[in-house]
Ligand SMILES: *[C@@H]1O[C@H](CO)[C@@H](O)[C@H](O)[C@H]1NC(C)=O
Ligand SMILES: *[C@@H]1O[C@H](CO)[C@@H](O)[C@H](O)[C@H]1NC(C)=O
Ligand SMILES: *[C@@H]1O[C@H](CO)[C@@H](O)[C@H](O)[C@H]1NC(C)=O
Ligand SMILES: *[C@@H]1O[C@H](CO)[C@@H](O)[C@H](O)[C@H]1NC(C)=O
Ligand SMILES: *[C@@H]1O[C@H](CO)[C@@H](O)[C@H](O)[C@H]1NC(C)=O
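In mature numbering (1 follows the signal peptide of the UniProt record, and there is no 0), the protein residues as written are -18 to -1, 1 to 934.
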């Protein structure tokens, strides 16, 4: 009995776990069906668990898919009716995928929870299905810039929660639907703030019922359609309106006199219609910034007094509106005025700008009027165009009598206190002067309040707002660049936008879809002067192939089920669940770090900068070091501690974990890893991976069994280094260093060659370690690098110390010291005496073995050929020559060591025998190669009073 109850509880528990662990089957099936009709979907869309495996662009809540955001990834195909299966979906954004075509399926109406349907700038066609009216939760409906045809479905009026309705830039026809008691209409959308219907072929009258005092509409954009009839006077009831664009239609009749009820309107466009009657009376619309009433058929009228009373006016555009008489001088003193365009009117008299004109004034265009005189002022820099006025008719040569050349000095984001880089092929120098592949597109502002497109201040405010938005949404954006502001043929302000990645030089899909969504769903709110906008994104073609073969867990689960042991299944599921939970947590963590783009699950060989280096999760390193336990500690230094660990594949590694104070900036850390990852040589310690996670910086190296050369020379390891072995070690170390100088790309100066940084593996192969102080040889500085002097006392090149100019020859100097150390087993500085001076003081080249017997390491004294010792010392002393130019290069050093080996009877190309087990046993006293102090940056300046290093 109890057993049965327990069992059923267990089964229930398993079911709960299974639901929590795996994507809902229906959701997976629907998503898979959608995917099957798509091309170019994200490459990590494999397996059967979009939620657990975190498919790019898919967001889940528990096991349910709640959001699909795939902007700008060049997705292709159609949106199939399978979308209806995603019953918990709240957000669908497929914007900026021009190759997404076909109709919007009527089944979209079944996605009941949908609150954002955003399909901006795709290739969808066919009618907008009426079923869209069933999406009661819908708040954002953006179908703009597609090829939709047919009329606006009246059922949209059913969407009481709708906040944003953008149907602009399609091929919609028919009338604007309003409710009639049986059928709904747009007049019912009392919570909608935005009607954006511009650039369609809507026809018929603007229904008076559309407008009433319960509307909360702020943007009414009906421009560029074929609307006819009068502007209904009911528009005066919609008193929240801020932007009204009715231009480029076929509207006729008089403008309703109550238009000036709309005192919140800032941008008013009535241009390019067939409006008649008297010029609209805009008195009292004191927030108006931009007014365009050009090209209508208003009655001839004197310039109205409200011209000079609109205190916020920046731009007054009244071409061909029948106004006459002189321009009041007071107009120009409106303090924000930038542009006055009154072409093709009957303005006469004298043009007088007055003495207190707006300091923002840019252009006054009065072509084809009847102006007879102009009172010039000294130092007046506003552009005046009076072509076609009597003042210019007698062949006037004044500058205002000729049309200005189109100016090319439009705004472009300047570099941020840096010199732009010269970039290769498709990369672009960012405002922070880094070469990268930007995400680009065009920002289109449908009704900006200003007309001065050269004012850097205003564009800088847009840039900073963009950055704040990207940063606050955890998007890896380094900087943004704006350029080429123009009023385009639709009379919108268009502006090219480039978004630059931080960390790597390209974006991954998650970043692109995130940035795309920020702009497509209006998360980004531009500064108010810019008004309503739409972004036209381009597909981003620069994703690197980031292989990610996460295996499906289905097999495991089926296997367990077949096995039939409930407990086993429970354990597997619990494990899967735990891993998934952790993976989810990790995903969240990834958002903020500069390495978010690095694939942490496979070797990041696909990322060019990181050949064969793996990104480890903190959790993994924590596990393999037994929570960084003392028993796994194998050394420590100023930078932190070193731990031993065994990776899942059995490889032994040494993990250097930086402590708080010694951490570098993310970028420096990345530079270091990139440097280390490029280095692959038998005589150089290789980096296995790194961890940049949980605020940690760790480097994971191959574990080198026999520790430092220093420990072996001093006898601490118990490894006996005879002359033959020492020559081999010198040879190996020289080859490693030569590789860094001559073969690494870019070349690397080690800067800290010393016996502590030469490690010995089980075969006593020498491996150069620790690039913490390494310096890349930049192209621009080929030959030497000027740096703050760093290194270790005794090994430090005096020339480098004096001139601070680091060259490869500085490493050669240190290597010479190392050779002397190998020979004598003395520290570079002992009892205040430098090893070079010690050797020189006893050396006598006329004697056998240069009379060095007394100073040689007793451990090698026997069995050395005198000639080889002499050659060795000669080489060492050439390496420590005072002038770098007198020192040999590392390749010469390698050759000379090979000659020496041959004299000593050793084949330089033969492998040395493995060390005996006694050697390895001797290595268990806690000392370890990775324990030196100079992990990342150690300023080991030479003591000023020390004369020890002077070669003579
Ligand atoms: C509008 O919504 C109501 C329920 O709120 C529903 O009964 C009706 O069918 C909907 N009309 C359309 C055209 O979708
Ligand atoms: C406006 O709202 C009020 C109160 O909700 C309602 O009584 C009135 O009928 C509404 N008017 C229109 C035109 O919808
Ligand atoms: C314009 O409107 C204002 C205020 O509504 C009124 O005082 C003024 O007389 C009107 N002007 C004309 C020319 O109708
Ligand atoms: C300007 O034009 C108006 C109306 O056409 C006319 O009454 C006035 O006399 C003209 N003024 C000048 C200086 O020509
Ligand atoms: C540029 O714009 C800012 C903010 O709109 C304004 O304060 C400033 O005066 C403008 N500068 C010029 C030269 O027009």
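All C-beta atoms in this analysis are idealised placements derived from N, C-alpha and C, irrespective of residue type, glycine included.
Asked                                                                                                                                                                            : Found
Cα-Cα, which of 670, 738, 725 and 666 is closest to residue 699?                                                                                                                 : 738
Quick one: is the Cβ of residue 330 within less than 6 angstroms of any heavy atom of ligand 4?                                                                                  : yes
What is the DSSP secondary structure of residue 220, reduced to helix, strand or coil?                                                                                           : coil
Using beta-carbon positions only, say whether residue 942 and residue 202 come within less than 7 angstroms of one another.                                                      : The shown model of the chain, from -18 to 934, leaves out residue 942, and the question about it has no answer.
How should residue 732 be labelled, buried or exposed, when 16 other C-beta atoms within 10 angstroms of its C-beta is the threshold for buried?                                 : buried
On the CB-based measure, 16 or more other CB atoms within 10 Å of its CB, does residue 293 come out buried or exposed?                                                           : exposed
For residue 608, which residues in the same chain have their Cβ closer than 7 angstroms to its Cβ, ignoring the five residues on either side in sequence?                        : 614
Measuring only the C-alpha atoms, how far is residue 602 from residue 197?                                                                                                       : 57 angstroms
With a 10 Å radius around its C-beta and 16 neighbouring C-beta atoms as the bar for buried, classify residue 289 as buried or exposed.                                          : buried
I'd like to know if residue 45 contacts chain C, where contact means its C-beta is closer than 7 angstroms to some C-beta of that chain.                                         : In the displayed structure, chain C is absent; only one protein chain is listed.
Near residue 191, what residues of its chain come up, given a Cβ to Cβ distance below 6 angstroms and the 5 sequence neighbours on each side ignored?                            : 160 and 169
Drop a sphere of 10 angstroms on the beta-carbon of residue 820, count the other beta-carbons inside from all chains shown, and report buried for 16 or more, exposed for fewer. : buried
Could you check the C-alpha separation between residue 833 and residue 808 for me, to the nearest Å?                                                                             : 17 angstroms
Quick one, which of 110, 38 and 891 has its alpha-carbon nearest residue 489's?                                                                                                  : 38
Quick check on residue 546: buried or exposed, where buried means 16 or more other Cβ atoms within 10 Å of its Cβ?                                                               : Residue confidence for residue 546 is low, a pLDDT of 46 falling below 50, so the modelled location carries little weight; the figure read from the coordinates is stated next. Answer is exposed; the Cβ neighbour count stays below 16.
If I measure Cβ to Cβ from residue 260 and keep anything under 8 angstroms in the same chain, skipping five residues before and after, which residues do I get?                  : 236, 280, 281 and 283
Is it buried or exposed, residue 784, if we count other Cβ atoms within 10 angstroms and call 16 or more buried?                                                                 : exposed
So the beta strand (DSSP E) residue 234 belongs to, where does it begin and stop?                                                                                                : 232 to 236
Among 148, 418, 47 and 138, which one has its Cα closest to the Cα of residue 91?                                                                                                : 138
What does the shell around ligand 2 hold, if a residue joins when its beta-carbon is under 5 angstroms from any heavy atom?                                                      : 194 and 196
With DSSP collapsed to three states, give me the class of residue 659.                                                                                                           : helix
Is the beta carbon of residue 342 within less than 6 angstroms of some heavy atom of ligand 5?                                                                                   : yes
Would you say the beta carbon of residue 263 is closer than 6 angstroms to some non-hydrogen atom of ligand 3?                                                                   : yes
Taking the CB atoms as reference points, tell me whether residue 493 and residue 458 lie closer together than 7 angstroms.                                                       : yes
What separation, rounded to the nearest whole angstrom, lies between the Cα atoms of residue 314 and residue 243?                                                                : 25 angstroms
On the three-state DSSP scale, how would you describe residue 861?                                                                                                               : helix
Hey, would you say the C-beta of residue 439 is under 6 angstroms away from at least one heavy atom of ligand 5?                                                                 : yes
Using only CA atoms, which one of 496, 863, 888 and 873 lies nearest to residue 846?                                                                                             : 888
Can you tell me which of the three DSSP states residue 482 falls into?                                                                                                           : strand
Using three-state DSSP, classify residue 434 as helix, strand or coil.                                                                                                           : coil
Would you say the beta carbon of residue 180 comes nearer than 6 angstroms to a heavy atom of ligand 4?                                                                          : no
DSSP state of residue 523, grouped into three classes?                                                                                                                           : coil
Can the beta-carbon of residue 301 be found closer than 7 angstroms to that of residue 272?                                                                                      : no
On the DSSP letters alone, give me the boundaries of the beta strand (DSSP E) that residue 8 sits inside.                                                                        : Run containing residue 8: none in the beta strand (DSSP E); it sits in the alpha helix (DSSP H), 7 to 18.
At a cut of 8 angstroms, does the region 863 to 871 reach the region 784 to 795 through at least three beta carbon pairs?                                                        : yes
Please report the straight-line C-alpha distance between residue 782 and residue 773, rounded to a whole angstrom.                                                               : 10 angstroms
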